[in-house]
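Encoded as structure tokens, the structure appears first; notes follow it.
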Amino acid sequence: TGMASHIVPLLELPSKKDDSDGVEIGGTYSVSDVVDAIGDGPFQIRLLVVFGALWTYLALLAAVQPFFVDGMIDRLELTSFQGGVISASLVVGLILGNFTFGFFADSVGRRRTLVICLGLTSVAGAAGYYSQTFWGLAAARIVVGASSGGTSMTMNTYFAEMCPSRSRGRYLSILHVFWTVGIAAAVQLSSQFEQREWRLMMGTSCAGGIFLAPLTHFLIPESARWLIVQNHLANLTPDSGEASDALLWMAKENRCSDLLTFPGPVTAAFVSAYRPQASLAPPPDAPSGVLSRVLSGDQLLSVTLPLWGCFFMANYAGYGNFMWMNEFLAQTGHKDLAKLEYMVFAAVEAVGVVLTTVVIDKAERRTLLAAAFLSGGACILGGVLLMEYSLYLALFLIAMNAFFEQAVWCVLYVYAGEVYPSTVRNSATGLAMGPTRIGGVLSTTLGLSLIHI
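In the working numbering, the protein residues as written are 42 to 494.
Below, the structure is given as structure tokens:
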């Protein structure tokens, strides 16, 4: 139910003995208790593979943009400001997607939202391919960004809900390794097309949604936590229908049925997923709405505003740094270094994710986040100060910012999934991520404009 709430230890749960086999079957358990007791295993590995493919695809959509924008500006005779607007359109879409699909996923389900968003990326990619106007291209990129934002946010929420608490941070951090794979794929894709073939490059990068949408639908169940919330709202027993099926899917895939032969306090949580004698507790009721939960007095100053500030600064530093680098190197006569710099970005981001995975469940979230922000800022400042003296050293320091940037994103995604209850989790996360994407719009547009001064 979130980092801020207290989960009753399994040893303290009330239970009773079944005389037929001596197994504890009674008691009332939260879905967190069941997921924690089932533990991690093949089911979470399946999620990691499926969501890793999705994360790679989302990274490809974003990382290929700096490479086709140059050709688009040249072929359509756009100004540098218009090129910046096209680049910023993706981030504008992310704002709309985080906000809109946050509520959407809490209403219609996590899996359905993922499938719809993935399909939209390919539809918008095709629309952009055939668009002949500046505004048509901008609109298409906004839709790509919106569906990408909906996918990334819902995917992280789903993973947080279907992973045991003791390993949640590790799995969510590992997932970010696939972002670096997507960047490498974007660099490789860009080398297959000439500048005049920018439309084909853009369209090809969006094709993956057609294949990933049906795969996602068939390879993962709906979030058990979301289904239990829906049962509660419909005045049904929490573990009825699909909710029970989702828990059974996870339990059987992780081979937890073997443990049912051993009586004990942990077994009771397993049995609660299988036997009607034990029951799942209904989810906690949120206040009257998402805004009342997010903006309540005890949450506003201690959680909401600091979280929004962190997301804003992460977007400002990350997107601007990434989106204008290709154009900056072209303007300074070092365009041949662009692909190498992006590959260095991908490499240091991968190392950053791996190291974050090691420490994220061992260090306090807040301390780790502050250290990553300060270290990344020091790298950017050093890169700016050294630019006139050593371009290579400056570029290395700027790339090192990506190392700490990935740590920031890993911690933020984990933290945002823990501080709000399941009833409003995706909506609240969307409210945190959506408006703060303005930071990415500002840095992208401002950076591309300043380069040409």
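C-beta: ideal position from N, C-alpha, C; glycine also.
In this structure, 228 is the residue among 149, 138, 228, 215 with its C-alpha nearest to the C-alpha of residue 106.
Within its own chain, the residues whose Cβ lies closer than 8 Å to the Cβ of residue 232, once the five positions on either side in sequence are excluded, are 380, listed in chain order.
Between the C-alpha atoms of residue 78 and residue 208 there is a straight-line separation of about 12 Å.
By the criterion of a C-beta distance shorter than 8 Å, residue 225 is surrounded in its chain by 384, 387, once the five residues flanking it on both sides are discounted.
Assignment of residue 414 by DSSP, reduced to helix, strand and coil, places it in the helix class.
The beta-carbon distance between residue 214 and residue 401, rounded to whole angstroms, is 5 Å. This is short enough to meet the 8 Å contact definition. Around the beta-carbon of residue 454, 16 or more other beta-carbon atoms lie within 10 Å, marking it buried. Contact between residue 267 and residue 350 does not hold, since their C-beta atoms are separated by about 28 Å, which reaches or exceeds 8 Å. Each residue's CA atom was taken as its position, placing residue 353 and residue 197 some 18 Å apart. In this structure, the CA atom of residue 238 is about 13 Å from the CA atom of residue 246. Take residue 193, set aside five residues on each side of it, and the residues of its chain with a beta-carbon closer than 6 Å to its own are 99, in chain order. Residue 221 holds the alpha-carbon nearest to the alpha-carbon of residue 96 among 415, 83, 221. Across the structure, residue 415 and residue 358 are spaced so that their CA atoms are roughly 12 Å apart. Taking the C-beta atoms as reference points, residue 130 is found nearer than 8 Å to residue 179. Annotation: residue 348 to residue 290 spans about 34 Å, alpha carbon to alpha carbon. Pairing residue 114 with residue 377, the inter-Cα distance amounts to about 19 Å.
Ranked by how close their Cα comes to the Cα of residue 419, the residues 457, 103, 445 have 445 in first place. Remark: fewer than three beta-carbon pairs, one from each stretch, lie closer than 8 Å, so the segment 138 to 145 and the segment 73 to 89 are not flagged as touching.
Its Cα nearest to that of residue 365, the residue 108 stands out among 94, 108, 216. Here residue 261 carries a coil assignment [DSSP, helix/strand/coil]. Close CB contacts of residue 439 within its chain, under the 6 Å cut and outside five residues either way in sequence, are with 424 (chain order).
For the pair residue 248 and residue 171, the Cα-to-Cα distance works out to about 14 Å. Taking the C-beta atoms as reference points, residue 263 is found no nearer than 8 Å to residue 82. Its chain contains no residue whose beta carbon lies nearer than 6 Å to that of residue 103 once the 5 sequence neighbours on both sides are disregarded. In its chain, beyond the 5 residues on either side, 398, 401, 402 have a beta carbon closer than 7 Å to the beta carbon of residue 211. Unbroken beta strand (DSSP E) stretches of 3 residues or longer found wholly inside the segment 357 to 410: none. Take residue 92, set aside five residues on each side of it, and the residues of its chain with a beta-carbon closer than 7 Å to its own are 196, 200, 216, in chain order. Ranking 341, 456, 382 by CA distance to the CA of residue 441 puts 382 first. Cβ-Cβ separation between residue 126 and residue 394: approximately 31 Å, too far for a contact (criterion under 8 Å). Residue 449 is positioned such that its CB atom lies no closer than 8 Å to that of residue 391. Here the alpha carbon of residue 223 sits roughly 10 Å from the alpha carbon of residue 230.
If you draw a straight line from the Cα of residue 409 to the Cα of residue 90, it comes to about 27 Å. Around residue 260, the same chain offers 87, 91 as residues with beta carbons nearer than 8 Å, after the five sequence neighbours per side are excluded. Looking only at 375, 154, 204, 270, the smallest Cα-Cα distance to residue 257 is reached by 154.
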